[in-house]
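Some notes on the structure that comes next.
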Amino acid sequence: MFDSDANRGRDPEPADPNLRSMTRVALLGGFSVLLALLWPRELFPVMLAGFLFINALMSAFAAAVKRQPVWGATFTRWDEAAAFYVFGFLAALFIDPAVMEEALSASGIQG
C-alpha cells in the first residue's frame with residue numbers, strides 16, 4: 015500500500031496520456047452506439063452521427079477550457095474531437111434520405 019511518509023511530495027506514476035485518450039474515445043464511442051441502438055433500426059445511422067458530433071463538440075469544448083495545445087506530442091482532446099467528427103461523417107454516409115422522409119412523415123413532424 016501507500017506509505018504516506020515515503021510518497022510525500024511525489025505523485026504516483028501517471029497513466030499514459032495516449033492510453034487515457036484512446037480509452038475515452040472507446041468509452042464515449044461505445045456509449046454513443048448504445049444510445050443510438052435505443053432508437054428504431056432505420057434511424058440508427060442518424061442518431062449515431064448526431065451523438066458522435068455531440069461528442070466532438072464536447073471534446074473540443076473541454077480542450078478549449080483546459081487550454082490544451084492543438085499540436086501536442088500526445089493525443090489531446092482536440093484529437094478526440096477530430097476523431098469523433100470523422101466517425102460522425104462516416105456514420106452519416108449511411109443515412110438514407112427516403113427512410114428519413116418516411117420517418118418524419120410517420121411522426122407528423124413537418125420538415
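To get my numbering, take the position in the sequence shown, counting from 1, and add 14. We put the CB at the ideal spot given by N, CA and C, even for glycine. Values in this document were obtained by computation on a predicted structure and should not be read as measured data.
Beta-carbon separation of Gly102 and Phe67 under 8 Å?
-> Going by C-beta atoms, Gly102 is nearer than 8 Å to Phe67.
Where does Pro31 fall in DSSP's three states?
-> Look at Pro31 here: in three-state DSSP terms it is helix.
Taking just the CA atoms, how far does Ala76 sit from Pro83?
-> When rounded, the distance between both Cα atoms is 12 Å.
Among Leu71, Leu57, Leu62, the one whose alpha carbon lies nearest that of Leu118 | With distances taken between Cα atoms, Leu118 lies closest to Leu57.
DSSP three-state call for Ile77: helix, strand or coil?
-> Note that residue 77 is Ala in the sequence shown here, rather than Ile. Residue state for Ala77 is assigned as helix, using DSSP reduced to three classes.
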